[in-house]
Amino acid sequence: MLQPFKNIRLTLLTLLLVQLCWAQEPTEALTWFKKGLTLIDKEQNYDDGIKALDSAAALHPEKKLLIQIKYAKGVALNSQGNLSKAVAVLEENIPLIETCDDITKIKFHANNYRVLGDVYKGKGKSLLAMKNYQKALSFSEKYSARSKATVLHQIGVLLMEKRNYLEAEKYFHQTTDQYLNEHLQLGKYINLGEVYLETDRNTQAKQQYDKAEKLALKNKNNMALCHIYIGYANIFFEANNYKKAIEYYEKTIELSEEIGAQFLTTSSLLYLAIAYNKTKQAFKALPYLDQAAVFLNKEPSINYQLNLYDTYASVYENMGDYEKSIIYLKKVNAVKDSIFNIEKNKQFEELKIAYETKEKQQEIEFLKLQKKKNELEISQKEKALKALNLEKELEASQHQNTILQLQKDRSENENKIILLKKSRELAEAEASKSQQLKNAYLIGFIVFSIPLGILLIVYYQKLKTQRALAKKQEELNAKQILTLKKEQELKSIRASIEGQEKERKRIAQELHDAVGGSLAGIKLQLDHLSSKEPKLLSIVHHLDETYNQVRHISHDLLLEKIENDEFVQVIKNYLKKIATSTHINIDISFFNETLINQVSNAIQTNLYKIVQELINNTIKHAEASSIEIQLNGHSDMVNLLYEDDGKGFLYEESTEGIGLRNINERIDSLGGSLTIDSKQNHGTLVNIIIPIKKTAICHIR
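Following this line, the structure appears as structure tokens:
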């Protein structure tokens with residue numbers, strides 16, 4: 024997924040800071056501060072802009088200006104991709120802002136927490152990002168409607184990164200009011216473009232990117248253009264137009280490197296590698312993946328690393344290097360496991376908080392019940408005292424014996440009350456003990472369930488990984504069997520070609536020694552007779568041509584030129600002869616001629632025959648006007664690139680002729696590889712790689 028557009032434009036920052044820089048005499052620190060803003064906002068020169076801000080901070084400015092300098096530096100570092108440094112600078116600002124008055128504190132916190140949320144979002148820490156956005160929202164509601172709209176927009180971006188596209192779309196549409204300036208509108212168009220792209224609404228996505236491109240060009244916002252070009256590239260990618268997608272990815276890399284936006288460069292490098300892998304050019308994808316890996320080692324991001332390892336695995340699989348593919352698949356699983364553990368820890372914390380909250384709620388309910396019981400006891404005692412007072416008044420008029428009886432009854436009642444109270448206390452103690460036991464059982468169940476669940480999940484993942492490894496091992500075994508079969512076929516082919524070459528040599532020698540010698544003898548006799556009989560001149564001439572043809576055929580079969588001359592010169596002489604006898608323009612270039620001349624006779628002979636077959640095919644079928652040949656020598660291989668501008672053919676639909684079959688057999692006998700890229704009316708490109716070993720390199724003759 025594309026990294027969402029960071030719409031924290033420093034123009035907004037400039038507007039805020041100009042408001043806060045109330046009428047005071049310009050100082051040297053303020054001058055450096057304004058210079059830094061100009062470099063970052065207008066010229067997008069982050070490196071020099073940050074240096075200017077550091078110069079301003081080194082002059083010990085007053086507190087409010089220092090806060091603004093740190094905030095501007097945090098924004099610049101975030102846009103540049105230095106996320107760890109951005110976090111450090113913005114968090115340093117928080118205690119400084121706390122010392123300001125309430126109005127200033129609201130303004131600074133609203134912006135500082137919002138950008139801090141952006142940085143954590145860029146680091147892939149969604150929970151911390153949302154916490155900072157919530158803090159920013161609480162201050163923004165007291166600060167300004169525009170600030171609130173900005174935070175709502177960023178929450179939409181965060182939801183989009185979590186792939187909750189429909190919810191994100193709602194937030195983006197909520198921000199379409201009079202508080203959105205051009206820079207926020209630009210961010211909204213780009214992010215809506217990605218939402219539509221991810222939900223298979225490519226036409227609507229392109230409309231949003233078109234609107235964004237106009238605003239970005241108007242404001243000379245190269246950072247935004249990078250995101251827009253990535254959007255266009257992804258639209259073409261989804262339409263399987265990989266050539267156009269690659270153009271836009273390369274355009275993005277060039278622009279992002281120019282402005283120093285490293286995360287955008289990394290994202291584009293990954294997509295470019297995927298595009299080349301899709302076009303079956305896996306060998307071109309590896310350099311881009313290596314460049315992306317260098318940056319991710321400095322600034323780790325879980326999402327990017329997961330994408331990197333997954334692409335490495337796919338590329339190596341397409342290249343046939345299954346061992347490296349499995350290594351990177353293991354890395355993918357390791358990253359996924361780490362994400363899973365983080366989520367499980369988060370869920371455990373949430374469960375713990377929920378349990379503690381429930382426990383406290385139960386304690387509160389128990390205290391409320393206890394209070395009601397106490398109030399009821401007090402009320403009962405008050406009623407009992409009133410009744411006793413009434414009884415005393417009545418007893419005052421009665422006899423002394425009755426008073427004594429009543430006093431006795433009262434004593435008995437008090438004892439009963441005491442007994443009832445004790446019984447109630449015992450019942451409450453039993454209830455408390457029972458509740459504690461229930462809590463202990465609940466805690467024990469939770470403590471037992473969590474590790475059991477984790478063990479089950481780990482066991483499931485282990486089984487899943489083992490199945491995947493077993494499947495890959497089966498595939499590797501099948502590949503090894505195919506390789507052994509291929510090697511056996513290659514041995515047969517090599518033996519066949521060696522036999523053919525011996526037979527060619529024998530026939531060539533017979534033609535040269537026997538037939539050629541006989542023709543030469545006949546020619547000498549006829550030369551002697553032709554001086555006496557002029558009619559024999561035409562026969563002598565015809566015999567001379569026949570002798571030359573036999574001699575030419577024997578030389579082609581025997582390839583004495585390769586044995587006697589330098590191979591590069593033999594190729595040049597042959598192509599020069601072809602060029603003079605046809606209308607085709609032939610251009611040939613060599614790299615490392617010394618090494619090419621040193622490779623074994625077997626490789627040189629087969630290369631010569633392959634060039635002959637390719638030239639013959641072009642002359643007979645291609646209707647070409649020019650041919651370009653490159654022969655490159657490397658320490659471990661020889662590479663032949665052959666290209667003509669003829670009418671081409673559909674290689675997938677064609678059947679192999681004798682010439683192409685001969686070429687394939689020669690390449691297979693040398694353990695090489697052949698790639699043909701040809702389309703109707705677009706010419707033909709042939710790429711041949713023949714491996715060489717140290718033992719296959721001859722000494723210079």
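Okay, so the sequence shown: first residue is 24 according to this note's numbering, each after it adds one.
The C-beta atom is built at its ideal place from N, Cα and C for all residues, glycine as well.
**OP:** May I have the straight-line CA-CA distance separating Lys148 from Ile609, to the nearest angstrom?
**Re:** Locating residue 148 in the sequence shown gives position 125, counting from the first residue. Locating residue 609 in the sequence shown gives position 586, counting from the first residue. Each residue's alpha carbon lies about 59 Å from the other.
Subject >> Assigned secondary structure, Gln703 (DSSP; H/G/I helix, E/B strand, else coil) >> reply: Reading the sequence shown from its first residue, position 680 is the one you call residue 703. Reduced to three states, the DSSP call for Gln703 is coil.
**OP:** Could you say which of Ile562, Glu636, Gln489, Thr617 lies nearest to Leu598 if we only look at CA atoms?
**Re:** Counting from one through the sequence shown, the residue named residue 598 turns up at place 575. For the residues Ile562, Glu636, Gln489, Thr617, the minimum Cα distance to Leu598 belongs to Glu636.
Subject >> C-beta neighbour in chain C for Leu475, strict 8 Å >> reply: This model lacks chain C altogether; it includes just one protein chain.
Subject >> Option in Leu630, Tyr631, Thr641 with minimal Cα separation from His606 >> reply: By 1-based counting over the sequence shown, the position of residue 606 is 583. His606 has its Cα closest to that of Thr641, out of Leu630, Tyr631, Thr641.
**OP:** Could you check which residue in Glu85, Leu150, Leu106 has the C-alpha nearest to that of Ile120?
**Re:** As a working note, residue 120 is residue 97 in the sequence shown. With distances taken between Cα atoms, Ile120 lies closest to Glu85.
Subject >> Start and end residues, beta strand (DSSP E) containing Ser612 >> reply: Within the sequence shown, the letter at position 589 stands for residue 612. 608-614 is the extent of the beta strand (DSSP E) around Ser612.
Subject >> Collapsed DSSP secondary structure at Met153 in the structure displayed >> reply: One-based indexing of the sequence shown puts residue 153 at position 130. Residue state, collapsed to three classes: helix.
Original post:
Nearest-angstrom Cα distance between Tyr482 and Ala491?
Top reply: Mapped onto the sequence shown, residue 482 falls at position 459. Mapped onto the sequence shown, residue 491 falls at position 468. Distance between the alpha carbons of Tyr482 and Ala491 is about 14 Å.
Original post:
Between Asn244 and Gly283, what straight-line distance do the alpha-carbon atoms span, to the nearest angstrom?
Top reply: Taking the sequence shown and counting its residues from 1, the one referred to as residue 244 is at position 221. Taking the sequence shown and counting its residues from 1, the one referred to as residue 283 is at position 260. Looking at the two C-alpha atoms, the distance is approximately 13 Å.
Subject >> Same chain, Cβ closer than 7 Å to Glu451, five either side skipped, listed in chain order >> reply: Taking the first residue of the sequence shown as 1, we reach residue 451 at position 428. For Glu451, where only same-chain residues beyond five positions count, there are no Cβ hits under 7 Å.
Subject >> Which of helix, strand or coil DSSP assigns to Pro118 >> reply: In the sequence shown, the residue the question calls residue 118 occupies position 95. If DSSP states are grouped into helix, strand and coil, Pro118 belongs with the helices.
Subject >> Own chain partners of Leu113 with C-beta closer than 8 Å, once the 5 adjacent residues on each side are dropped >> reply: Locating residue 113 in the sequence shown gives position 90, where the first residue counts as 1. Excluding residues within five positions, the ones whose Cβ falls inside 8 Å are Lys93, Tyr94, Gly97, Asn135, Val138, Leu139, Val142.
**OP:** Could you check the C-alpha separation between Gly669 and Gly695 for me, to the nearest Å?
**Re:** Locating residue 669 in the sequence shown gives position 646, counting from the first residue. Locating residue 695 in the sequence shown gives position 672, counting from the first residue. Looking at the two C-alpha atoms, the distance is approximately 26 Å.
**OP:** Determine contact between the segment 221-230 and the segment 253-270, defined as no fewer than three beta-carbon pairs at a distance below 8 Å.
**Re:** yes
Original post:
The alpha helix (DSSP H) with Asp70 in it runs from where to where?
Top reply: To locate residue 70, count along the sequence shown from 1; it is residue 47. Looking at the DSSP string, the run of the alpha helix (DSSP H) that includes Asp70 is 69-81.
**OP:** Just the C-alpha distance for Asn341 and Tyr332, rounded to the nearest angstrom, thanks.
**Re:** Against the sequence shown, residue 341 aligns to sequence position 318. Against the sequence shown, residue 332 aligns to sequence position 309. For Asn341 and Tyr332, the distance between alpha carbons rounds to 14 Å.
Original post:
Under the rule that 16 or more other beta-carbon atoms within 10 Å means buried, what is Ser277, buried or exposed?
Top reply: By one-based count along the sequence shown, residue 277 stands at place 254. Note that residue 277 corresponds to Glu in the displayed sequence, not to Ser. When all chains shown are included, Glu277 counts as exposed.
Original post:
With distances taken from CA atoms, which of Arg186, Tyr212, Thr127 is nearest His176?
Top reply: Along the sequence shown, one-based indexing puts residue 176 at 153. Comparing Cα positions, the closest option is Tyr212.
**OP:** Go ahead and pull the three-state DSSP assignment for Thr488.
**Re:** Counting from 1 along the sequence shown, the entry for residue 488 is found at position 465. The DSSP-derived three-state label of Thr488 is helix.
Subject >> Proximal residues to Ala377 (C-beta, below 7 Å), its chain only, five neighbours per side dropped >> reply: Numbered from 1 along the sequence shown, position 354 holds the residue referred to as residue 377. Below a pLDDT of 50, predicted positions are generally treated as unreliable, and Ala377, at 44, falls in that range; the measurement from the model is reported next regardless. Contacts found: none.
Subject >> Rounded separation between Asp70 and Glu281 - CA only >> reply: Walking along the sequence shown from the start, residue 70 turns up at place 47. Walking along the sequence shown from the start, residue 281 turns up at place 258. Approximately 11 Å between the Cα atoms of the pair.
Original post:
Should Gln67 go down as buried or exposed, given a rule of 16 or more other Cβ atoms within 10 Å for buried?
Top reply: Numbered from its first residue, the sequence shown carries residue 67 at position 44. Classification for Gln67: buried.
Subject >> Own chain, CB closer than 6 Å to Leu82, minus 5 neighbours either side, in chain order >> reply: One-based indexing of the sequence shown puts residue 82 at position 59. Excluding positions up to five away in sequence, the list reads Glu51, Ala52.
**OP:** Check the DSSP bridge columns for Gln653 and list the partner residues they point to.
**Re:** Walking along the sequence shown from the start, residue 653 turns up at place 630. Paired residues: Ser612, Leu664.
**OP:** Within the same chain, show all residues whose beta-carbon is closer than 6 Å to that of Tyr327, passing over the 5 residues directly before and after it, in chain order.
**Re:** Counting from 1 along the sequence shown, the entry for residue 327 is found at position 304. Once the five neighbours on either side are set aside, the close Cβ partners of Tyr327 are Leu319.
**OP:** For Glu372, name the three-state secondary structure that DSSP assigns.
**Re:** Here residue 372 refers to the residue found at position 349 when the sequence shown is read from its first residue. Confidence is the limiting factor: at Glu372 the pLDDT is only 48, short of 50, which leaves the residue's position unreliable and the question unanswerable from this model.
**OP:** Give the DSSP bridge partners of Ser696, in chain order.
**Re:** Position 673 of the sequence shown, counted from the first residue, corresponds to residue 696. Looking at the DSSP assignment, Ser696 forms a beta bridge with Ile712.
Subject >> Given Lys716 as reference, the closest of Ile601, Leu238, Ala625, Leu248 once Cα atoms are compared >> reply: One-based indexing of the sequence shown puts residue 716 at position 693. Considering only alpha carbons, the answer is Ala625.
Original post:
Given that a residue counts as buried once 16 or more other Cβ atoms are within 10 Å of its Cβ, and exposed if not, what is Leu486?
Top reply: Taking the first residue of the sequence shown as 1, we reach residue 486 at position 463. Under this definition Leu486 is an exposed residue.
**OP:** Confirm, please, whether the CB-CB distance from Ala305 to Val358 is below 8 Å.
**Re:** Within the sequence shown, residue 358 is the residue found at index 335, counting from 1. Within the sequence shown, residue 305 is the residue found at index 282, counting from 1. No, the pair does not count as a contact, with Cβ atoms beyond the cut-off.
**OP:** Could you spell out where the alpha helix (DSSP H) holding Thr127 opens and where it closes?
**Re:** Within the sequence shown, residue 127 is the residue found at index 104, counting from 1. Run containing Thr127: 125-145, per the alpha helix (DSSP H) assignment.
Subject >> Spatial distance of Lys445 from Ser434 (CA atoms) >> reply: Looking up residue 445 in the sequence shown gives position 422. Looking up residue 434 in the sequence shown gives position 411. The alpha-carbon atoms of Lys445 and Ser434 are separated by roughly 17 Å.
**OP:** Flag this pair as yes or no: are the beta carbons of Ala191 and Val174 separated by less than 8 Å?
**Re:** Here the question's residue 191 lines up with position 168 in the sequence shown. Here the question's residue 174 lines up with position 151 in the sequence shown. No, the Cβ-Cβ distance between Ala191 and Val174 is not below 8 Å.
Subject >> Spatial distance of Phe614 from Val591 (CA atoms) >> reply: The sequence position of residue 614 within the sequence shown is 591, counting from 1. The sequence position of residue 591 within the sequence shown is 568, counting from 1. Straight across, the Cα-Cα distance linking Phe614 with Val591 is about 10 Å.
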